[in-house]
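Sequence lines, in order, name chains A and B.
As numbered in our numbering, residues 1 to 457 make up the first sequence, in order.
As numbered in our numbering, residues 1001 to 1457 make up the second sequence, in order.
For glycine and all other residues, C-beta sits at the position ideal for the given N, C-alpha and C.
To start, the structure itself, in structure tokens.
Number of protein chains: 2
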Amino acid sequence: MCPASLLDQLDSAADRHLSELIEWLKIPSISSDSTRVDDVHRACQWLADKFTASGLQVELIPTQGHPMVLAQTPPVNNAPVVVVYGHYDVQPVEPLDQWITGPFEPTVRDGNLYARGATDDKGQVLTHIQSVCDWVASGEPLPLQIKFLIEGEEEVGSENLERMLPDLSERLACDCVVISDSSQYAAGQPAITYGLRGIATYEIQVDGPSQDLHSGSFGGAVMNPAIALCHMLSSMVDDQGRIQIEGYYDDVRDLSQSERDQWQALPQDEEWFAKSIGVDELFGESGYSADERRWARPTFDVNGITAGHQGEGVKTIIPATATAKFSFRLVPDQDPKKITAALEKHLAKHAPKGVCWTLKPDHGAPGMLADTDSKFVKAANHAIESAFGTPPVLIREGGSIPIVTRFQEVLKCDCLLLGWGQSDDNTHSPNEKFSVADYHRGIRASAHLWDEIGKLS
Amino acid sequence: MCPASLLDQLDSAADRHLSELIEWLKIPSISSDSTRVDDVHRACQWLADKFTASGLQVELIPTQGHPMVLAQTPPVNNAPVVVVYGHYDVQPVEPLDQWITGPFEPTVRDGNLYARGATDDKGQVLTHIQSVCDWVASGEPLPLQIKFLIEGEEEVGSENLERMLPDLSERLACDCVVISDSSQYAAGQPAITYGLRGIATYEIQVDGPSQDLHSGSFGGAVMNPAIALCHMLSSMVDDQGRIQIEGYYDDVRDLSQSERDQWQALPQDEEWFAKSIGVDELFGESGYSADERRWARPTFDVNGITAGHQGEGVKTIIPATATAKFSFRLVPDQDPKKITAALEKHLAKHAPKGVCWTLKPDHGAPGMLADTDSKFVKAANHAIESAFGTPPVLIREGGSIPIVTRFQEVLKCDCLLLGWGQSDDNTHSPNEKFSVADYHRGIRASAHLWDEIGKLS
């Protein structure tokens, strides 16, 4: 059992736990924004200071991009070693005018804390940091060793960490990696996530005339780059969302019947789900439920597109250039490199004449599936039930944490994905939020988890 | 013959003619930009002052938008009456970073004057204003009456003028409308334009979820508005540029064989044309030359498109909304209203499920064909040969001057389209320019034209 005195101490520290999160969220650590480098480093330093003040051994690991923080408690003889992985960087914030309160002015409304990074991932990773720091401060011995690896480039693809991971593998040697960067199944229904989708992101630029042309004087004689781009993007997917690139589905691992049965038993409410995101009807491949499509089917999304005149009024031009950012979510066994090769072939075949195009692959990572029968899953099950009052369900998640597959490969360890967020937390969107109650429950569940994993030794 | 003393006077006033144009071009009269209302009015006032100083009778005609200037010389018994129509408003100027010198800092380089409006239409309309004002100042009697109607809303569709035209018809009563808002056929080859394409412009907005969503957590369950928009736009046109909307070609007036023969004789150089606009190859319907496609075939162009993340880096979202601005160029006998109805049907049929869309028709105008055997065409032929040293060729033009058809209908007059510009003048694009020599030749041709038309009485 988790020391009762520690649980009391966590309760009485609730205000400090919240104000520390608010302090951290105020730092606009947008990793993709080159004008925010100083802010990203400030967020990193805030974290290092927090660990140092709590007596952990702290190291800043520089990278070619933003630094990582490695902080650890002392080794415990014959006890398991856990790595807690998370990230202190956040997504961009536009469209800014849709935020009710500023993305970096954390505000509590109706029991939720609103800010960029509230749930993805500062709020979630801080639950583990609080539980460990408070445990250490309590004077009680931790029944395991914990190593925190908190990076600043998750939102831009974790490329530096991926590349450096083999060199760090000794320092990160562990039995299990714990990550809280996903969601519960629903409000009041915690979950353990055993599968993630992979990802492959791209930018494409289509170039036509050397400058914008008058569509009256030139229309009919020149291919319009914006139309060419629409043709190319449109050719990639049919009206059900099935990707039309040759070979795209070759390696897709099918859903097992037992998984489908298990998910069928979840309290799914697609009507509520559609309503919660503001659409009249859901969309996607027939023969699959919405959860199946989100968690275990590969998808194509245009993330941004831009060309020509976008301001007020009419400007009848043929734009010189059109660009788009798009991404695939991949499922286990799909290889991002093979997908890029197939995509290039497809575009070469479908690009209209009279324009040039360049494809820039950004980042790619395969999907991941964990063993649902592991002892760590059982330990997490107990810990979560103790803190949330309900046992967790086993789900997959449609998002991608590219580094997870690399942890499995390089560190040869188990991975535990314990999400304290909710699916409507607006991660990557305006008005990102995190339930204050779930933040505190997450801290308690984390403390219980160290106790449960400690018992495995 | 045009009075020789006047021609001398025009020559010696060349510097003033240029500096007055530069003065007018400095005023950023972008009619579609609501922050530029004061500038638009300043450009209007500049013009009224110029007419007043030259002794014309001047009237500012207010509209629901930007005012028009009506200026006239005294009636001449039994002589023709000509309306010179033009506009003092200009197109937007973005992308600003592509201008070599500022759009409102007129600069002469290599014999060309660079500025927004240099050729479209301040520079061209000013040729007629200079010839008339100088003729009046010379003391010689003008052999006809000239009425200038210069508006400030051509670049936003001339809707107010169109609506007010019947009420103005008595004051504008005339035998012929002269418009210089088009191009010569090539450098050194002047032209009379006897046909224009019509236009129909639209904005479409496709709405999906109530806000941007994380493409990992939601991708596969929700229709992506940017993809929906690509599907919809892509469905409207095939890979040859043929429009796929049912009924779109029903009313298209075919090119006559004699026109095709005449144009075939023009010194067409499609390779040079492609090179001049920076593309490797031209594009369009097979069976038609580039000039035929630009002048006499209907087209579809996307003028702008925007959705989701457009800044630096990756943001893996499903954007809440996607919008596009697009336009058709129509040919004679196509009716913009019928086109809008057919378009709405097409979109309703091709819009994917799971998104909502709204189509906002902006402005529409039919195409125009003038009688190439009229006495006014003959007069213009002589005038142009006198000033340019080469007789003009007869061409059509792919752009739209929506008001021309309305002049024909309401004023029951001939229309003369005499372009002094060049096809590579970058109208509606960065680095718009106008040949200084052609500006001065245009002023002379205009003076000769008044003489030739005066002889028709």
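Contact check, residue i vs residue j, beta carbons under 8 Å
i	j	result
T1193/B	I1403/B	no
G139/A	V436/A	no
H1448/B	C1133/B	no
L1021/B	A1079/B	no
D181/A	P92/A	no
S463/A	S1217/B	Lying before the first or after the last residue shown, residue 463/A is absent from chain A, which here runs from 1 to 457.
T1372/B	Q1189/B	no
Y1202/B	L1266/B	no
S258/A	G1278/B	no
G1442/B	Q1009/B	no
T1340/B	A1200/B	yes
Rounded straight-line distance, which links the Cα of residue j to that of residue i
i	j	result
R253/A	D269/A	26 Å
E1155/B	E153/A	47 Å
V178/A	M236/A	36 Å
D1301/B	N224/A	7 Å
A173/A	Q98/A	43 Å
V1058/B	Q1072/B	7 Å
Y439/A	N1431/B	57 Å
Q1064/B	N1160/B	7 Å
E344/A	H363/A	15 Å
E1312/B	F326/A	13 Å
A43/A	D89/A	8 Å
P103/A	I1317/B	17 Å
Q205/A	Q1310/B	12 Å
K122/A	K26/A	11 Å
W46/A	K433/A	21 Å
A221/A	N1381/B	28 Å
V1410/B	R1163/B	11 Å
A1004/B	S1289/B	43 Å
G287/A	T35/A	46 Å
H1066/B	T1405/B	21 Å
Same chain, Cβ closer than 6 Å to residue i, neighbours up to 5 away in sequence not counted
i	result
Y85/A	L149, V177 and I179
T107/A	T101 and Y114
M1068/B	I1061 and E1151
A1014/B	H1440
W1295/B	R1396 and G1398
D1261/B	none
D414/A	C176, S374 and F376
S1460/B	As displayed, chain B neither begins before 1001 nor continues past 1457, which places residue 1460/B out of reach and without an answer.
S1457/B	N1078, A1079 and P1080
Chain-order list of residues whose beta-carbon lies under 7 Å from that of residue i (same chain, five-residue window excluded)
i	result
F283/A	G241
A1226/B	A1307, G1308, P1319 and A1322
I494/A	One cannot answer for residue 494/A here, as it falls past the ends of chain A, which runs 1 to 457.
P352/A	M223, A228 and H231
A1383/B	A1445, H1448, L1449 and E1452
A379/A	L449, E452, I453 and L456
Sequence-distant residues of its chain with Cβ nearer than 8 Å to residue i (five each side left out)
i	result
P332/A	G195, G198, R253, P366, G367, M368 and L369
P1298/B	R1197, I1243, Y1248, Y1249, V1252, F1328, R1329, L1330, V1331 and Q1334
L1056/B	A1071, Q1072, T1073, V1132, C1133, V1136 and F1148
D1291/B	W1263, L1266, Q1268 and I1395
D1039/B	I1027, P1028, S1029 and I1030
Opposing strand residues paired with residue i [DSSP bridges]
i	result
L70/A	E59/A and L149/A
N112/A	R109/A and S435/A
K360/A	E203/A
D1301/B	S1327/B
T397/A	As written in the sequence, residue 397/A is Glu, which differs from the Thr given in the question. In the DSSP output, where bridge partners are listed per residue, E397/A has L196/A.
Residue i CB to nearest heavy atom of the ligand FAD below 7 Å
i	result
S169/A	Here there are no bound small molecules, and the ligand FAD is not part of this structure.
To be precise: take each residue of the region 285-317 of chain A, compare its Cβ to all Cβ atoms of chain B, and keep it if any distance is under 7 Å. Which residues remain? Correct list: A290, R293, R294, R297, T299, D301, V302, N303, G304, I305, T306, A307, G308, H309, Q310, G311, E312, G313, V314, K315, T316 and I317.
Residues in the region 86-101 of chain A with C-beta within 8 Å of chain B's C-beta atoms, listed in sequence order? Flagged, chain order: Q91, P92, E94, P95 and Q98.
Against chain B, which members of the region 218-246 of chain A pass a CB distance test of less than 7 Å? Of all residues in the region 218-246 of chain A, F218, G219, G220, A221, V222, M223, N224, A226, I227, C230, H231, L233, S234, V237, D239 and G241 have a Cβ within less than 7 Å of some Cβ in chain B.
What residues in the region 1328-1362 of chain B have a beta carbon less than 7 Å from any beta carbon of chain A? Interface annotation for the region 1328-1362 of chain B against chain A: R1329, P1352, K1353, G1354 and D1362, criterion Cβ-Cβ distance under 7 Å.
Residues from the region 1428-1455 of chain B in contact with chain A, defined by Cβ distance under 7 Å: Residues passing the 7 Å Cβ filter: H1428, S1429 and P1430.
Taking beta-carbon pairs under 9 Å, can you tell me which members of the region 152-164 of chain A lie near chain B? So the list reads E155, V156 and G157, given in the order they occur along the chain.
Looking at chain B, which residues of the region 387-403 of chain A have a Cβ within less than 8 Å of any of its Cβ atoms? Sequence-ordered contacts of the region 387-403 of chain A with chain B read E397, G398, G399 and S400 [C-beta pairs closer than 8 Å].
Residues of the region 1270-1284 of chain B in Cβ contact with chain A at a cutoff of 8 Å, in chain order, please. When C-beta distances to chain A are compared with 8 Å, the residues of the region 1270-1284 of chain B below that value are F1273, I1277, G1278, V1279, D1280, E1281, L1282, F1283 and G1284, in chain order.
Positions along the region 1113-1126 of chain B whose CB lies within less than 8 Å of some CB in chain A: Those would be none; no residue qualifies.
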